[in-house]
Amino acid sequence: AQSVAQPEDQVNVAEGNPLTVKCTYSVSGNPYLFWYVQYPNRGLQFLLKYITGDNLVKGSYGFEAEFNKSQTSFHLKKPSALVSDSALYFCAVRDSGGYQKVTFGTGTKLQVIP
Amino acid sequence: KAGVTQTPRYLIKTRGQQVTLSCSPISGHRSVSWYQQTPGQGLQFLFEYFSETQRNKGNFPGRFSGRQFSNSRSEMNVSTLELGDSALYLCASSAGLAGGGETQYFGPGTRLLVL
């Protein structure tokens, strides 16, 4: 069975500082990995994904994530946080073998402090 | 392109009633997935439909059902509502053809409150 872990319920960072939101995963085959963001009373918005190829993936709004196969991690990063980045972030995984369901993490609330 | 639309946006029901939620995917998308989001459980996968066929199913009781129409629009139904069914129900659409690595696009959700 596949699973995703987001070990931090909340991450606080000062505006202008770099931010990291952690994600680890478990799948039996090769993973497809995704990051989504959710603003209050909204649906999820796609940020970026890893399918294959370069381990460093760049996405929307200046976010990037690095796929690390040996550590089974896919941490989300941004060099300089903005107050407007404050939101709920979800990591998700899908096993590339067959057409599996997508499994989401429990979410990490990012608070950027002015 | 218009995004994913969900109706209604808000719904209040009482225990024992049933409810039907609707989702219209992005034009051309053939896959629709449904998720239940609650503060304690995060996003839980309900089911996925592709070309009117259920392709995947989550671990929910049989009170939760869904279907997809020939125009890719999807509905989910919850019968005999329980207080614990109160949640945000999210629909996501994708093209459905890229072997699982494609992006899902989410609708704004339907917030269901069961009293």
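Top to bottom, those sequences are chains R and C.
At position 29 of the first sequence (counting the first as 1) the number is 29 in my numbering, and the numbers step up by one without a gap.
At position 13 of the second sequence (counting the first as 1) the number is 13 in my numbering, and the numbers step up by one without a gap.
Backbone N, C-alpha and C fix where the C-beta goes; we use that ideal spot for every residue, glycine too.
Beta carbon of Thr-36/R nearer than 8 angstroms to that of Leu-47/R: Reading off the sequence, residue 36/R comes out as Tyr, not Thr. Going by C-beta atoms, Tyr-36/R is nearer than 8 angstroms to Leu-47/R.
Near Val-83/R, which residues of its chain fall below 6 angstroms by C-beta distance, leaving aside the five closest residues on each side in sequence? Contacts found: Glu-15, Val-112 and Pro-114.
Who are the neighbours of Thr-103/C on chain R, taking C-beta pairs under 9 angstroms? Phe-34, Phe-46 and Lys-49
Might you give, ordered along the chain, the residues of its own chain that have their beta carbon closer than 6 angstroms to the beta carbon of Phe-60/C, omitting 5 neighbours on each side? Leu-46
Please report the straight-line C-alpha distance between Asn-71/C and Ala-2/C, rounded to a whole angstrom. Those two C-alpha atoms are separated by around 15 angstroms.
Those residues which DSSP pairs with Leu-31/R across a bridge: The sequence shown places Pro at residue 31/R, rather than the Leu named in the question. Partner(s): Asp-95/R.
Under the rule that 16 or more other beta-carbon atoms within 10 Å means buried, what is Tyr-39/R, buried or exposed? exposed
Starting from Asn-17/R and walking both ways along the beta strand (DSSP E), at which residues does that stretch end? Where Asn-17/R is concerned, there is no enclosing beta strand (DSSP E), given that its DSSP letter is neither H nor E.
Where the beta strand (DSSP E) through His-75/R begins and ends: 73-78
So, for Leu-11/C: in the same chain, excluding its five sequence neighbours on each side, which residues have a beta-carbon less than 8 angstroms away from its beta-carbon? Val-19, Leu-21, Thr-110, Arg-111, Leu-112 and Leu-113
Along chain C, in chain order, which residues have C-beta atoms closer than 7 angstroms to that of Thr-106/R? Gly-42
Identified DSSP bridge partners for Glu-48/C: Ser-33/C and Asn-56/C
Assigned exposure category for Leu-83/C - 16 Cβ within 10 Å defines buried: With fewer than 16 Cβ atoms within 10 Å of its Cβ, Leu-83/C is classed as exposed.
Check the Cβ-Cβ distances between Glu-48/C and every residue of chain R, and say whether any is below 8 angstroms. Yes - at least one Cβ of chain R is within 8 angstroms of the one on Glu-48/C.
Along chain R, in chain order, which residues have C-beta atoms closer than 7 angstroms to that of Gly-107/C? Gly-43
Please report the straight-line C-alpha distance between Phe-74/R and Leu-43/C, rounded to a whole angstrom. 18 angstroms
Assuming Leu-76/R and Phe-63/R make a contact with CB atoms under 8 angstroms, what is their CB distance in whole Å? The pair is a contact, with the Cβ atoms about 6 angstroms apart (cut-off 8 angstroms).
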